Structure formats: structure tokens, C-alpha cells
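First the structure, in the form of C-alpha cells, and then the observations on it.
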Amino acid sequence: MSDKKTKGQERYDELAYKKQNYFSVASKEEREAIFEYAEGYKDFLNAAKTEREACAVAVEMAKKAGFAEYRFGDELSAGDKRYFVNRGKSVVVFRVGSKNLEEDGFRIIVSHIDAPRVDIKQNPLYEEGGMCFLKTHYYGGIKKYQWTAMPLALHGVVVLKSGEKAEIRVGEGENDPVFYINDLLPHLGAEQMAKAGAKIIDGEQLNVLVGGMPCDDEKVENRLKLTVLEILNRKYGMCEEDFLSAELSAVPAYPARDVGFDRALIGAYGHDDRVCAYPALTAVLNGESEHTVLAMLVDKEEIGSEGNTGMQSEIYSDLMEDICAALGASYRKARFASKCLSSDVTAAYDPNFAGMYEKMNAAMLSCGTCMNKFTGARGKSGSNDASAEFVGEVRAMFAREGVVWQTAELGKVDAGGGGTVAKFVAKMNIDTVDIGVPVISMHAPWELVSKADLYSNYRAFMAFMK
Ligand code: MN
Ligand code: MN
1007 MSDKKTKGQE RYDELAYKKQ NYFSVASKEE REAIFEYAEG YKDFLNAAKT EREACAVAVE
1067 MAKKAGFAEY RFGDELSAGD KRYFVNRGKS VVVFRVGSKN LEEDGFRIIV SHIDAPRVDI
1127 KQNPLYEEGG MCFLKTHYYG GIKKYQWTAM PLALHGVVVL KSGEKAEIRV GEGENDPVFY
1187 INDLLPHLGA EQMAKAGAKI IDGEQLNVLV GGMPCDDEKV ENRLKLTVLE ILNRKYGMCE
1247 EDFLSAELSA VPAYPARDVG FDRALIGAYG HDDRVCAYPA LTAVLNGESE HTVLAMLVDK
1307 EEIGSEGNTG MQSEIYSDLM EDICAALGAS YRKARFASKC LSSDVTAAYD PNFAGMYEKM
1367 NAAMLSCGTC MNKFTGARGK SGSNDASAEF VGEVRAMFAR EGVVWQTAEL GKVDAGGGGT
1427 VAKFVAKMNI DTVDIGVPVI SMHAPWELVS KADLYSNYRA FMAFMK
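Just remember that my numbering sits 1006 ahead of the position in the sequence shown, which is counted from 1.
In C-alpha cells form, the structure reads like this:
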């Protein structure tokens, strides 16, 4: 027997398409870069669990990299490095390139910085059964039963009667208390366990436990509630009425951790979509470009990109129009020439749930960042569906720069579906395609990604900016 390939095998290798595992094709240096890049990402995850925090951290990183704030009407010239903050909840970091904006357009990378979570209601505080709780209303698509019986942190802001803003972030420090959503013991759980998954815990059962000690005065009707109110008053200057103008969220209190003996994976809350936002941000901060490049980190994707901080807001178009005006370019021409990578996560093939995936067109963990030509549900409903021409162009960019990447659909054709911000960018008359990191257990309190895919996503953005 000879090891020499047969003619047919050689020809097959030449003609047939095969996905590659990025770890196994990466050089030693590249493998080191993969692991090193993941360290910065984990720090970002731990510092930025809400869109407000992600926005603040992005601004801090931008300032450190020499970017200055941009306001509508500012002057601009080639080489400028700026960031534009939208109401503290979304941010656009950009570099002005030397190329003609009317001919070359913008190179845009969009990803979102909000994540599914459990929001606190506006009149939330009550006590019952020796426990004090906050009522909640969940945000985004969660499996409610996954959010019980685990440590939770509270993040957010309270706008006090005085108009002052108190910031709350409790549960992240090693010695901080955490919070909790109760679940039922299995001994009494027969009826609960017979329910459909969506009903195991219902929305009104997602109450966050925040206290358990009565105040000293026995005459007070709600003694546990007063204990909690006293602490909130002392620490944040708030009274109960201030919850009315608060935005508080319960998020998992776990930090990001390496997963696996080989540390190939990262487990964390909110990979969706920080695993794309961080590479988008760092690519624009680190990568010089002749193009005018923008990293848009947007809010409210998980609830349909609504409001004035979501991708459907006109502020992003206003900003690009303003940049064009500052550079004396026609906005209409510039956006027609623009290209966008809409960067959001996709579902990684999971052998434990193999039946939901069509393996040939599923994203494989560690095979690189994943392009979804289209998203949507059923007959591609609600999808951007990028053109073959644009996909071909992006593919050529990746080939030139040696990016290891793959393509996929979310799951089996009729298994379900999902959407991203891609269609809202495309609607501005901009060539747009979805690309992002495959995730295991998407929207769970603790999601999983591969370090190789994270770094591949960064490499893809750097190639796009070249
Ligand atoms: Mn997402
Ligand atoms: Mn999502």
C-alpha cells in the first residue's frame, strides 16, 4: 500500500468544498493569537453586561485608542478617529478614510450590545412568606425555566425624583450579595414537570428575591420591605417611587470562564452579541483603513431593533448623512456604494440536538465565523438575503486575507428561524450580509462559543476593512 493519493482523490480534493477546523489549520503563532485575543474579550464580557455598560466600556476603549467624541455638525477630515454616543445605549466608532466616499462608500460593521435578561417592573417591590421580591418582565427570547435557582446580579440606573441618576451594579464583586429566582423542589414538582417547557415557569413567577430580614419596628406592616427600602435609600438615595423611573435588569452573576480541559471554549452570559460587538469594536480601533469604516454597536435587537437606540432608528442614517456633509459627499451616492457586515451570532450545530440541524448547512463549532446569506423563517420570511454578487465579493476579501470562515443556516428549513439587523441596514440601500460567531445554547443564561470562531470573526472584520 502506498500513501500516494490516487488521481481521483487529488481531483476530488481540488474540486470539492470542505470546511476546516480553524484550530487545526492555524499556525502556532496564530493559535497563540487566538488564545490571547480571548483574554481581552472575557474582560469585556465581565465589564459590559448591559447595553449601557457595553456602550461605556466601548467609549473608554475608544478614548484610550485616541478616538474623540463626534457631535452632529463637527468638522471631519481623512484620518480622523471618532465615536458617536446615542443616549448612552448605542455607540458608533468610526475612522475617516482617504478614499472618496461617493465612490467607495462606508464600510460598516453592525452588531448589538443588548442581551436577553430579566428586567425589573416599574412598581416591583413586595414581601411575602418571609421573603422580599422584585417583580419582573423578561426582555428578549428566553427559556424562563433557565433563569431560576442561580446567582443573579442587578444592573442599571435609577433616575431619582431630584433628576439625579443613581447607577446600580450589585452582584459582580467577589463579596457582593447576589439575587435569586426561586424554583420548586422536585418532590412537589410532578405537576410542574408535566407542563410544556414554556409553562414550567411563567412570566409572573420570575420574581427576584432581594431580601429576608424584617426591620426592628414590629408595628410596621411590611417589615421586610422597609429593610430593603432603607438600604436602597442609604446607598442610592432612592425611595420606592423612584423605581417608576428606573431601568434595572437581573443578569447572571457568573463571570466569563474558559470551558474544557484544553480551554478551547468560553462560557459566558451575553455572547449574543458581544462576541461580534467586541471584534467589530477592536477591528475599528486597531485596524487602519483607506475606507471610511464604522462599527455600530446598537441596542434593542432582542426586541425587534425598536426605539431610538435600535437599528430601526433614523439616528444611524442621520449620522452617516452628517459625516457625508462634513466631507462634502452626497449621502445618496455614498450609501449606494457602501458595504455592511451585519454581525450577529448564529446557532452552532449541537450533536445533542442533532435533529434540529441540517448538518451540511449548519455552523460547526471552531470552523470559523459564519456567513448566513439569509436568515428568516419558513420561506426565508423576514430575511435580507444578500446577493450572490455581494457574497462573492466578501468571499474574495476573506480568501485574500486567509480568513477561515464558513456558511450556514440557523437550523432545519422548517424547524424555526430568526432575524437580525441586516434587513434594516439593507433597507438604507446598502449591500449587507450576515456574518457572526456560532453559539451553543444561544439565549441561555450562560452561552458557549469557540475561541477560534471569536478570533476568526475579528480577522474577517480586519479583512473587510482592508
Ligand atoms: Mn443576536
Ligand atoms: Mn439574540
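Just so you know, even glycine gets a beta-carbon here, dropped at the ideal spot from N, CA and C. Small disclaimer: the values here were computed from a predicted structure and weren't measured.
Taking just the CA atoms, how far does residue j sit from residue i?
i: M1326; j: P1157; result: 42 Å
i: K1048; j: R1263; result: 8 Å
i: D1420; j: D1350; result: 21 Å
i: F1396; j: T1438; result: 8 Å
i: P1183; j: C1221; result: 19 Å
i: G1136; j: H1193; result: 22 Å
i: D1305; j: N1092; result: 10 Å
i: L1230; j: V1265; result: 40 Å
i: A996; j: F1090; result: In the structure as shown, the chain starts at 1007 and stops at 1472, and residue 996 therefore has no counterpart that could be examined.
i: S1251; j: I1321; result: 24 Å
i: G1014; j: E1020; result: 10 Å
i: A1084; j: E1170; result: 39 Å
i: Y1018; j: K1345; result: 34 Å
i: N1052; j: D1440; result: 26 Å
i: S1033; j: G1195; result: 52 Å
i: E1178; j: T1233; result: 22 Å
i: F1342; j: M1199; result: 54 Å
i: K1105; j: G1398; result: 22 Å
i: A1286; j: V1226; result: 53 Å
i: R1175; j: S1255; result: 10 Å
i: R1113; j: N1435; result: 13 Å
i: Y1461; j: R1406; result: 17 Å
i: S1372; j: F1359; result: 18 Å
i: D1278; j: D1208; result: 23 Å
i: A1210; j: T1142; result: For the sequence presented, residue 1210 should be read as Glu rather than Ala. Whole-angstrom Cα-Cα distance: 7 Å.
i: C1282; j: D1125; result: 23 Å
If you measure from the CB of residue i, is any heavy atom of ligand 2 nearer than 7 Å?
i: D1278; result: yes
i: H1449; result: yes
Of the choices the options, whose alpha-carbon is the least far from that of residue i?
i: K1070; options: T1381, L1291, N1228, V1410; result: L1291
i: I1309; options: E1066, R1123, S1083, R1058; result: R1123
i: M1067; options: E1294, Y1284, W1452; result: Y1284
i: I1272; options: A1084, I1237, V1445; result: V1445
i: D1268; options: K1457, R1017, Q1026; result: K1457
i: A1039; options: F1359, R1401, D1459; result: D1459
i: A1274; options: Q1412, P1451, N1463, S1462; result: P1451
i: A1204; options: W1153, A1360, A1256, N1188; result: W1153
i: E1383; options: G1424, P1357, S1344; result: Residue identity check: residue 1383 is Ala in the sequence provided, not Glu. Of the candidates G1424, P1357, S1344, the one whose C-alpha sits nearest the C-alpha of A1383 is G1424.
i: P1258; options: A1032, E1045, Y1043, H1449; result: H1449
i: K1095; options: S1462, L1303, E1247; result: L1303
i: D1080; options: A1155, A1054, C1330; result: C1330
i: N1367; options: T1012, M1377, A1405; result: M1377
i: K1429; options: Y1363, R1037, S1348, M1468; result: S1348
i: G1111; options: Y1337, M1370, A1414, V1443; result: Y1337
i: M1471; options: E1045, F1041, V1102; result: V1102
i: E1045; options: A1414, A1270, D1324, V1400; result: A1270
i: K1241; options: F1073, K1011, A1172, T1142; result: A1172
i: S1415; options: D1328, K1365, F1404; result: Residue identity differs from the one stated: residue 1415 is Glu in this sequence, not Ser. Closest by alpha carbon: K1365.
i: R1280; options: L1454, G1072, I1148, S1295; result: L1454
i: K1149; options: A1064, S1447, K1141; result: S1447
i: C1433; options: A1469, Y1023, S1319; result: Rather than Cys, the amino acid found at residue 1433 in this sequence is Lys. It is S1319 whose Cα lies nearest to the Cα of K1433.
Should residue i be listed as close to ligand 1, given that the test is whether its C-beta is under 7 Å from any heavy atom?
i: E1307; result: yes
i: V1351; result: yes
i: H1143; result: no
i: H1193; result: no
i: H1297; result: no
i: H1118; result: yes
Going by the beta-carbon positions, is the gap between residue i and residue j smaller than 8 Å?
i: V1427; j: H1118; result: yes
i: L1166; j: F1185; result: no
i: N1239; j: E1133; result: no
i: R1088; j: E1075; result: yes
i: Y1464; j: Y1043; result: yes
i: V1097; j: C1138; result: no
i: V1431; j: A1466; result: no
i: L1107; j: A1335; result: yes
i: K1055; j: G1276; result: yes
i: S1389; j: F1380; result: yes
i: M1362; j: G1417; result: yes
i: G1293; j: T1375; result: no
i: E1253; j: D1120; result: no
i: I1187; j: L1212; result: yes
i: L1082; j: A1332; result: yes
i: N1129; j: F1050; result: no
Please report whether the beta-carbon of residue i lies at a distance below 8 Å from any beta-carbon of chain D.
i: A1458; result: Looking for chain D here will not work: only one protein chain is present.
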